Each structure stands twice: as structure tokens, then as C-alpha cells.
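Below: the structure, in C-alpha cells.
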Amino acid sequence: MTTLGQQVRTIVSNLPRQDKLFFGGPPHGSEIDREIKNYNTYLESGLPSRQRVCLGICAFDQNGQVIGYTSSTIMTNANPTKYERESIKSTTPLNYIQGKKIVVAQAYWRKGVAEKLFKESLGLAKTHNKKWVTDINAKNIAVLKFLEKHDIQKQFSWNTLRGTEMYRVGN
């Protein structure tokens, strides 16, 4: 039996080439399983008292197979990492929810799965009275339009260490 993390990795590996480029390398199945476990723990007993907690949420088909996945990191007075200090010039403690990834099996594109997962992530921000942000490759027009449709606006642009232009977007 495959783990939920392995099912998500399979979805990522089946994405078209362009989407894989925007998504980056597939996360390790164990990382995804840990994020899902964190979310289940959160549902049962609340948010752990850590500066950064990454929660993974799955969408399932009627047979219980994973058809979509999103993860978000809840930051509570988190110290910026070296990357955050150097790339996006963060110098103060971070207090927001950052959408990390969202992926949907191709057979379920344009069927409301991404919308449902996105709203779950936004709901976490609302529940914890935090802003929601994410970083998007400036060339990923489809995701930028999706976010714009939900009143998620560009806040600033920045470049990765390799020179890729990114947008920080949020509400």
C-alpha cells in the first residue's frame, strides 16, 4: 500500500513538463507524510507551539485516492532564514501563513479541486488571524491569474539566487 506522500509524488511526476518546472523537484514522500501528520495533529489538538509548522492537506476522490495536495507553513514570530534574509530581505520576525505548494492530478484540473485546497489554506490564515502569502515564478501566468481571481495581489518582486524572477503575492 502506498503512503499519501507517495501518491502526491506520483501526481507531481505525472504533471506536464512546464508545470514541473514551476513546481520544482517533487518533495520527498516522507516530507509530505510529515506535513499531513502535522495537519491531523492540528485538527485533533491545535497548533503546536513552534515558530514554523508546515501543514499538508489532501483532497481525495470517491475511492480514497489522493487527487490533490496543498501545504502551508504557519509562522509565528519565526526568525527569517538566511535565504529569506538574502533573497526577500526579511529582517523582522515572520508572522504569516505561506502557501508552499498546491498540486492537482491532471484528470481533476478545472473541477474545483485546486479551489477547494486553496480555500483551505486561506482558511488557516483567517482562523489564526494572519496574512496569507506565497512566492510565485513571474512566468507562471496561470497561477498568477488564479490568485488574482481571489484578490491575492502582487506585493513585490525579487530574484532567487539563480536569478529567477519571483513575485511575493498575498492578501
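The working numbering applies: residue 1 is where the sequence shown begins, and numbers increase by one. We put the beta carbon where it would ideally sit given N, CA and C, even for glycine. Please read these numbers as outputs of a predicted model, since none were measured by experiment.
Three-state class that DSSP yields for residue i in the structure shown
i, result
"G123", "helix"
"K116", "helix"
"I47", "According to the sequence shown, residue 47 is Leu rather than Ile. Reduced to three states, the DSSP call for L47 is coil."
"N159", "strand"
"T134", "strand"
"K154", "strand"
"L15", "coil"
"R110", "coil"
Burial state of residue i, where buried means 16 or more other Cβ atoms lie within 10 Å
i, result
"R50", "exposed"
"W109", "exposed"
"S121", "buried"
"K139", "exposed"
"I141", "exposed"
"K101", "buried"
"N38", "buried"
"S72", "buried"
"F118", "buried"
"L43", "exposed"
"G64", "exposed"
Distance, residue j Cα to residue i Cα
i, j, result
"L47", "T41", "8 Å"
"R9", "S30", "10 Å"
"W132", "E35", "18 Å"
"L4", "K154", "32 Å"
"A125", "R52", "14 Å"
"Y96", "H128", "9 Å"
"A114", "V143", "10 Å"
The ligand SAH heavy atom lying under 7 Å from the CB of residue i
i, result
"G56", "Ligands displayed in this structure: none; no statement on the ligand SAH is therefore possible."
Same chain, Cβ closer than 7 Å to residue i, neighbours up to 5 away in sequence not counted
i, result
"T164", "N137"
"N171", "K131, W132, D151 and I152"
"T92", "none"
"K116", "A59"
"S90", "P80 and E84"
"D33", "T3, L4 and G5"
Close-in-space but distant-in-sequence residues of the same chain around residue i (CB under 8 Å, 5 per side omitted)
i, result
"E148", "none"
"T160", "S87 and M166"
"P16", "Q106"
Beta-carbon proximity list for residue i, same chain, < 6 Å, skipping 5 on both sides
i, result
"F156", "R168"
"Q7", "V66"
"T70", "I57, I102, L117 and S121"
(message) Going residue by residue through the stretch 59 to 103, where are the continuous alpha helix (DSSP H) segments of at least 4 residues, counting only ones entirely within it?
(response) Runs of the alpha helix (DSSP H) lying entirely within the stretch 59 to 103, each at least 4 residues long, are 82 to 87 in chain order.
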